[in-house]
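Here is the structure we will look at.
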Amino acid sequence: MPKKVAQVPFIQSLDRGLTILQAVATSRQPVTLGELSELLGVDRSSAFRLAQTLRRRGFLSTPAGRKDYILGSAIWTLSRQYDWSNMLVRVAHQELKALAQGLNETAHLAIREGRSALFIDSVHAHHVIVVAGQTGELVPLYATAHGKALLADLGEKELHHIFGADSLQKFTKTTIKTIPALSRECVTIRDHGYATDDAEYMEGIRCVAAPIRLNTGMIVGSIGISAPASRFLKEHYPSHSKLVMLCAKKIGQLLSVSDEVSEQSA
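Using our numbering, you'd call the opening residue of the sequence shown number 711 and step up by one each time.
If you want it as structure tokens, here you go:
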């Protein structure tokens, strides 16, 4: 006999309002009232009242001279006031700790900060020789496993927008030096699900990291481990990357809307 799934109570009008916000936020163009009506499965007057309520509170806006919708200033204000990196640390720390303890190597959690990856949490290994990266440290996106994992979904045009047309700074003999090469590396990362750093930023250090994705596919961070090359051999990449990807997946699931809630709000 199939197990009965408990029904989670929710407020339909609030659910529909949040659905509108998600739709407008993920659309590249202003969203029309007709599109909102079709999305929600309600008549235009009901969709209009919901959208106007959000507009009244500043969560939606209408471009000058138009009647369709874009996000309002209240979204920007809230996002500026909230410390997203602190939220990610709270959600991910136990998984980060488990990863470091499982492999007995230094583990880092990172987010993108301009052209750099910012370590927002770290758990160190119990070795005499450990990687010295600390929370709060900025490292180059293109020369580190964490940074490349954060760039995984970008194409050559987007990478040029970030780094410009000049050659990339060389840190070691294995550093990626051009945007086309970095773009090819991003394709490999998307295919494999993880990024590597074979002494590309620091001599004698190897790293592996995976992007943390929401259930929408959006990358919100990266997690991985770093170790001296004398201890982290190339043949360890398959086993280490498997654990890193599993850890990233767990964190993504913790950050995402559950399938049960998604199904009930459909």
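Don't be surprised by glycine CBs; every beta carbon is placed ideally from N, CA and C.
Residue i, DSSP secondary structure in three states
i	result
Phe720	coil
Phe758	helix
Tyr852	coil
Phe829	strand
Tyr779	strand
Glu910	coil
Leu806	helix
Met743	A quick correction: the sequence has Leu, not Met, at residue 743. Of the three classes helix, strand and coil, the one that applies to Leu743 here is helix, per DSSP.
Thr736	helix
Glu815	coil
Ile886	coil
Distance CB(residue i)-CB(residue j) smaller than 8 Å
i	j	result
Ala835	Ala919	no
Val799	Ala817	no
Ile721	Leu746	no
Gly782	Ser771	yes
Pro740	Ile780	yes
Thr888	Asp908	no
Ser1003	Leu869	Residue 1003 falls outside the range modelled here, since the chain spans only 711 to 976, and no answer is possible.
Cβ shell of residue i (< 8 Å), same chain only, five flanking positions each side left out
i	result
Gly727	Leu760, Thr763, Leu764
Ala810	Thr816, Ala817, Val833, His834, Ala835, Ile935
Phe881	Pro850, Ala853, Glu910, Tyr911, Met912
Leu953	Leu809, Gly812, Leu813
Met955	Gly903, Tyr904, Ala920
Pro773	Pro740, Ile780
Buried or exposed (CB count within 10 angstroms, at least 16 for buried), residue i
i	result
Met797	exposed
Pro921	buried
Ala862	buried
Asp901	exposed
Ser826	buried
Gly857	buried
Leu943	exposed
Residue nearest to residue i in terms of C-alpha spacing, selected from the options
i	options	result
Ile886	Arg900, Asp901, Lys867, Thr906	Thr906
Glu823	Ser832, Tyr852, Ile935, Ala810	Tyr852
Glu910	Asp876, Pro938, Ala802, Ala820	Pro938
Lys867	Ala820, Ala735, Cys896	Cys896
Ser949	Ser940, Leu924, Tyr904, Asn925	Tyr904
Glu945	Ser932, Arg916, Ala820	Arg916
Val930	Lys959, Ser951, Lys777	Lys959
Gly927	Ser893, Leu860, Arg776	Leu860
Thr845	Gly775, His803, Gln732, Thr736	His803
Chain-order list of residues whose beta-carbon lies under 7 Å from that of residue i (same chain, five-residue window excluded)
i	result
Glu847	Phe829
Val801	Ile961, Leu964, Leu965
Arg738	none
Ala757	Leu743, Leu746, Ser747, Leu750
Leu924	Val930, Gly962, Leu965, Ser966
Close Cβ partners of residue i (< 6 Å) along its chain, the five nearest in sequence each way excluded
i	result
Leu865	Inspection of the sequence shows that residue 865 is occupied by Gly rather than by Leu. So no residue of the chain qualifies.
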